[in-house]
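Per the working numbering, residue 50 is the first one in the sequence shown, and the count goes up by one each step.
Cβ atoms here follow ideal geometry from the backbone N, Cα and C, with glycine treated the same way.
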Amino acid sequence: MFLKCIAVDDEPLALDILKTYIARLPVLQLIQTFDDAVLAVDFLKQNPVDLLLVDIHMPDLSGLDLVRSLDIMPLIIFTTAHKNYAFEGFELNAVDYLLKPIDFGRFAKAISKAVDYHQYKTRSSGESAEYLYVYSEYRQVRINLNEIEYVESLEDYIRIHLSGLKPVVTLMTLKKVLEKLPEQQFKRIHRSFVVAIDRVTSIHNRKAILDSGKELPISDSYTGFIQEWKER
Numbered sequence: 050m051f052l053k054c055i056a057v058d059d060e061p062l063a064l065d066i067l068k069t070y071i072a073r074l075p076v077l078q079l080i081q082t083f084d085d086a087v088l089a090v091d092f093l094k095q096n097p098v099d100l101l102l103v104d105i106h107m108p109d110l111s112g113l114d115l116v117r118s119l120d121i122m123p124l125i126i127f128t129t130a131h132k133n134y135a136f137e138g139f140e141l142n143a144v145d146y147l148l149k150p151i152d153f154g155r156f157a158k159a160i161s162k163a164v165d166y167h168q169y170k171t172r173s174s175g176e177s178a179e180y181l182y183v184y185s186e187y188r189q190v191r192i193n194l195n196e197i198e199y200v201e202s203l204e205d206y207i208r209i210h211l212s213g214l215k216p217v218v219t220l221m222t223l224k225k226v227l228e229k230l231p232e233q234q235f236k237r238i239h240r241s242f243v244v245a246i247d248r249v250t251s252i253h254n255r256k257a258i259l260d261s262g263k264e265l266p267i268s269d270s271y272t273g274f275i276q277e278w279k280e281r
């Protein structure tokens, strides 16, 4: 499996570095490079690719506007000498955001994330998920499902609580995250909580007691979970 990619940068030296790095990673197939963002847009409209490596500061058309103009969205990795575009990259669901001068090790790590996410997106519908991706702190974060203890609603955001790790906060609703989680592993027990079923060690006084010692309320609307849990 490889990712078809193009690189776009108005600086010849930056393009040469990207070409050198891409050639060192067999998982990438470089289709074309462009020093003109407008020409890149025309190419992409006729030739969809898996991955776009694109500079942000370019004449005539910025990398951000280039991405916004696309109808078919590839995976995006932004390359830039400026630190202040992370939020825009986040809004466009970029896989990563590389600051120039780009170190090969950092580049390889970004490509690894892109490959992983590509496999995640293209897995067959019957294939069980082992992880999910969310955007947090302006970057894409992979979360292993077996590390999730419970998910807490914060109105427009959720906080994903993980075993022995810092919680991850992302802009999402409980309803939306439930669509991404296997229903045989996760259940909603309250308007504010989704729990990993295997983490529940006991239920007492309408509370689910987790293996971490955390107690979560079970609301009237979700008392069916109590019987489901007992029957497991």
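Euclidean distance between Cα positions of residue i and residue j
i    : j    : result
C54  : R191 : 22 angstroms
G154 : A143 : 19 angstroms
Y206 : H253 : 28 angstroms
V249 : L230 : 17 angstroms
D91  : L203 : 42 angstroms
L141 : K279 : 44 angstroms
L148 : D165 : 21 angstroms
L9   : N195 : Residue 9 lies beyond the residue range present for the chain, which begins at 50 and ends at 281; the question has no answer from this structure.
L11  : N193 : Nothing about residue 11 can be reported from this structure: the residues present for the chain run from 50 to 281 only.
S185 : A130 : 22 angstroms
S212 : Y70  : 36 angstroms
L223 : T272 : 18 angstroms
N133 : D260 : 42 angstroms
A72  : D65  : 11 angstroms
I121 : S111 : 18 angstroms
R208 : L101 : 30 angstroms
A157 : E277 : 45 angstroms
V218 : R281 : 30 angstroms
T171 : N96  : 19 angstroms
Q233 : P61  : 52 angstroms
S26  : S270 : With the chain represented from 50 up to 281, any question about residue 26 goes unanswered, as that position is not in the structure.
Test item: CB-CB of residue i and residue j under 9 angstroms
i    : j    : result
Y146 : R188 : yes
H210 : E198 : yes
P108 : D59  : yes
Q78  : L115 : no
I246 : K256 : no
T128 : V103 : yes
V57  : D99  : no
Integer Cβ distance of residue i from residue j, believed to fall under 8 angstroms
i    : j    : result
E94  : T82  : Per the sequence shown, residue 94 should be read as Lys rather than Glu. At roughly 17 angstroms, the Cβ-Cβ gap does not stay under 8 angstroms, so K94 and T82 are not in contact.
I151 : L74  : Wrong, their Cβ atoms sit about 13 angstroms apart, outside the cutoff.
I105 : A163 : Between A163 and I105 the Cβ distance is about 17 angstroms, and since that is not below 8 angstroms, they are no contact.
L113 : E137 : 5 angstroms
Checklist entry - Does the count of Cβ pairs from the stretch 239 to 247 and the stretch 259 to 267 closer than 8 angstroms reach three? => result These segments touch.
Checklist entry - In chain order, which alpha helix (DSSP H) runs of at least 4 residues are fully inside the stretch 99 to 154? => result Runs found: 112 to 117, 135 to 140.
Checklist entry - Considering only residues of the stretch 193 to 250, which uninterrupted alpha helix (DSSP H) runs meet the minimum length of 4 residues and lie entirely inside it, listed in chain order? => result DSSP runs (the alpha helix (DSSP H)) wholly in the stretch 193 to 250: 223 to 229.
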